[in-house]
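Enquirer: Taken in order, the sequence shown gives residues 56 to 516; the numbers are from this note's numbering.
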Amino acid sequence: MDEKEKLVDRDLHLFEAINEGKGEHLEGSESLPPIEPLTKAWDVAYVRFSVPDLNLYEDWVKDFGLKIMYKDENVIYSRGLEGDGFCHVAHRGPAKFLGFALQMKSEKDLKVLEENIDGCTEVHEIPGIEGSLCGGKRVSFIDPVCGFLVEAVSGRSVEVLTSARDRLEYNYGNKNFYKRDPNKLQDTSGNREADGSNTVYPGPPDVIKIGHVVLAAPVGDHHKLMKFMIETFGFLPTDSVIFEAPKSAEGHAINPEMFNKLKEAGPSPLYEGTFAEGSPTYACFFRCDRGETPTDHHTFFILSNMDPRMAPKGKGIQTQLSHASFEVSNLDDVWRGHMQLKNKAEFEEKRYEIAWGVGRHVLGSHIYDYWHDPYGHVHEHMSDGDRITRSFGQRIHSISGLGPNGHNQWGPTVKESGIRNLDGPAAATFYEKFDEETQQSLVNRDLSNVKQLVEDIRATD
Ligand SMILES: [Fe+2]
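Written out as structure tokens, the structure reads:
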């Protein structure tokens with residue numbers, strides 16, 4: 056067994072330990088970190104990828120359930136039924152996740168970023184095709200911790216689209232909770248594929264909007280990234296996980312290497328004034344600070360990553376897109392997406408691969424289903440997540456106490472499919488089949504092979 060396999064194996068043990076539910080589940084309403092941020096992001100707006108084969112990728116975008124707003128030989132812009140504009144962009148280029156954009160409430164926030172962030176563009180009207188699709192203003196910069204292209208947008212808008220399917224009314228098996236009228240058939244609600252052809256394909260679900268972006272960052276960088284994002288965009292921790300000491304060198308299944316690295320990473324920026332002050336964070340779900348207006352349990356999430364598959368040749372592990380998540384209407388649509396992607400992979404040999412799902416998380420409560428796109432980047436369908444306000448504070452959990460099934464209310468075991476598949480694109484089994492240049496481009500945050508593309512994206516007129 057080589058070093059790489061050993062580490063992955065040990066990490067698997069770590070998550071099995073979580074599933075055994077050892078220890079106490081520490082939780083409670085704790086105070087929020089005392090930070091005066093530069094701005095307060097309102098939501099996530101979109102994610103950007105570059106992909107070598109746009110034709111192949113167009114099928115992915117459609118099968119996943121996004122609606123294409125515009126495409127030509129260089130780019131595909133897609134959207135959900137709602138949101139402020141396109142929420143997914145695929146440029147023609149080397150296989151790579153380029154970065155993400157946050158939606159700001161006001162143009163003033165863009166000005167604050169322009170004036171305070173090194174290398175930020177001036178505030179500008181969004182030019183070209185992107186401006187014509189949904190208008191708005193923008194700034195952009197390269198994040199100083201990991202090297203992602205970060206954009207902030209304001210004032211974009213598009214018309215809401217209607218779903219092809221009626222909203223489902225579920226019966227709950229109890230006479231007090233029959234929601235659907237007698238003689239109204241679920242089968243005629245449009246839940247079936249529209250053409251009624253009874254193929255193996257249920258059709259894609261309707262994506263409503265982009266939900267959240269998750270980055271998997273090397274231990275140490277993950278704290279720096281958290282600090283930068285909370286100070287710059289005002290994200291609030293909703294649920295985070297701390298790593299407590301192994302009970303003995305071999306007496307605890309938590310990966311001691313991970314524990315030692317986290318100890319070196321020092322105190323988390325999230326815990327001043329809480330019982331966990333001084334502890335490092337293993338992972339944290341961040342929500343937008345909308346005051347007492349409810350927002351998604353998490354819009355941004357940072358996870359610490361020790362997966363050696365995510366190291367470019369001759370370099371250390373680099374930060375990866377863990378996944379981008381897109382909200383769909385309900386459980387039916389999560390399963391519709393699952394069967395569409397599964398059957399396309401099986402019967403048409405599409406390069407789509409299950410990463411983890413279908414299940415329902417504990418933290419955030421949403422029903423999830425994660426899939427690797429044809430270049431390994433994980434896209435999630437999710438539904439029925441928790442809605443949270445500022446007064447919720449934050450909850451802090453002990454990693455060994457998250458059981459008896461820490462990541463699931465219900466769903467597949469870690470061994471069947473699991474969180475290790477969310478470390479980055481090299482976790483897809485087909486990654487090894489890519490040529491070396493593609494592999495290096497996927498896991499390397501260096502933007503030099505997409506320099507021109509990034510300059511074009513950042514153009515201010
Ligand atoms: Fe997610």
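The C-beta atom is built at its ideal place from N, Cα and C for all residues, glycine as well.
#1: Around ligand 1, what residues have a beta-carbon under 5 Å from a heavy atom of it, in chain order?
#2: Glu-177 by DSSP, collapsed to three states: which one?
#3: What does the Cβ neighbour count give for Asn-315, buried or exposed, with the cut at 16 atoms within 10 Å?
#4: According to the neighbour-count rule (16 or more other Cβ atoms, all chains shown, within 10 Å of its Cβ), is Ala-219 buried or exposed?
#5: Name the two residues that bound the continuous alpha helix (DSSP H) containing Trp-34.
#6: From the DSSP output, read off the bridge partner residues of Arg-147.
#7: Whose C-beta lies closer than 7 Å to the C-beta of Gly-289 among residues of the same chain, with five residues either side of it excluded?
#8: Among residues of its own chain, excluding the 5 on either side of Met-313, which ones have a beta-carbon nearer than 6 Å to its beta-carbon?
#9: So for Asp-516, helix, strand or coil by DSSP?
#10: So, helix, strand or coil for Asp-98, using DSSP?
#11: Tell me which same chain residues have a C-beta within less than 7 Å of the C-beta of Lys-302, skipping the five on either side of it?
#12: I need the boundaries of the alpha helix (DSSP H) containing Phe-283, first residue and last residue.
#13: For Arg-442 and Pro-349, what's the separation of their Cα atoms in angstroms?
#14: Do the stretch 156-168 and the stretch 108-116 touch if we need at least three Cβ pairs shorter than 8 Å?
#15: Taking all protein chains shown into account, decide if Lys-239 is buried (16 or more other Cβ within 10 angstroms of its Cβ) or exposed.
#16: Please state whether the Cβ-Cβ distance between Phe-447 and Thr-293 is less than 9 Å.
#17: Would Ile-409 pass as a contact of Glu-85 if the rule is Cβ separation under 9 Å?
#18: Under 9 Å between the Cβ atoms of Pro-257 and Arg-247?
#19: Given a threshold of 16 other Cβ atoms within 10 Å of its Cβ, counted over all protein chains shown, does Ser-453 qualify as buried or as exposed?
#20: Does DSSP put Lys-239 in a helix, a strand or coil?
#21: Taking just the CA atoms, how far does Val-383 sit from Gly-275?
Expert: Reading off the structure:
#1: Taking each Cβ in turn, the ones that pass are Ser-380, Glu-435.
#2: Taking the first residue of the sequence shown as position 1, residue 177 is located at position 122. In the displayed model, Glu-177 falls within coil according to three-state DSSP, outside both helix and strand.
#3: Looking up residue 315 in the sequence shown gives position 260. Answer is exposed; the Cβ neighbour count stays below 16.
#4: If you number the sequence shown from 1, residue 219 lands on position 164. When all chains shown are included, Ala-219 counts as exposed.
#5: Residue 34 is absent from the model: the chain starts at 56 and stops at 516.
#6: Translated into the one-based positions of the sequence shown, residue 147 becomes position 92. The partner list for Arg-147 (beta bridge, DSSP) reads Val-106.
#7: Taking the first residue of the sequence shown as position 1, residue 289 is located at position 234. Pro-92, Thr-94, Lys-95, Ala-96, Asp-344.
#8: Position 258 of the sequence shown holds residue 313. Contacts found: Met-361.
#9: What you label residue 516 is simply residue 461 of the sequence shown in a count that begins at 1. Here DSSP, grouped into helix, strand and coil, assigns Asp-516 to coil.
#10: Within the sequence shown, numbered from 1, the residue matching residue 98 stands at position 43. In this structure, Asp-98 counts as strand in the three-state DSSP scheme.
#11: Along the sequence shown, one-based indexing puts residue 302 at 247. A caution first: Lys-302 carries a pLDDT of 48, below 50, which makes its placement in the model too unreliable to give a value.
#12: In the sequence shown, counting from the first residue as 1, residue 283 sits at position 228. Residue range 276-288 is occupied by the alpha helix (DSSP H) that includes Phe-283.
#13: Along the sequence shown, read from residue 1 onward, the residue named residue 442 stands at position 387. Along the sequence shown, read from residue 1 onward, the residue named residue 349 stands at position 294. Cα to Cα, the separation comes out at about 6 Å.
#14: Because the criterion of three Cβ pairs below 8 Å is not met, the stretch 156-168 and the stretch 108-116 do not touch.
#15: Translated into the one-based positions of the sequence shown, residue 239 becomes position 184. So Lys-239 ends up on the exposed side.
#16: As a working note, residue 447 is residue 392 in the sequence shown. As a working note, residue 293 is residue 238 in the sequence shown. In this structure, the beta-carbon distance from Phe-447 to Thr-293 falls below 9 Å.
#17: Taking the sequence shown and counting its residues from 1, one reaches residue 409 at position 354. Taking the sequence shown and counting its residues from 1, one reaches residue 85 at position 30. Against a cut-off of 9 Å, the Cβ pair of Glu-85 and Ile-409 comes out as no contact.
#18: Position 202 of the sequence shown holds residue 257. Position 192 of the sequence shown holds residue 247. Cβ atoms of Pro-257 and Arg-247: closer than 9 Å.
#19: Translated into the one-based positions of the sequence shown, residue 453 becomes position 398. Here Ser-453 is buried: its Cβ has 16 or more other Cβ atoms, across all protein chains shown, within 10 Å.
#20: The residue given as residue 239 occupies position 184 in the sequence shown. Three-state DSSP puts Lys-239 in coil, outside helix and strand.
#21: Residue mapping note: residue 275 aligns to position 220 of the sequence shown, counting from 1. Residue mapping note: residue 383 aligns to position 328 of the sequence shown, counting from 1. Approximately 34 Å between the Cα atoms of the pair.
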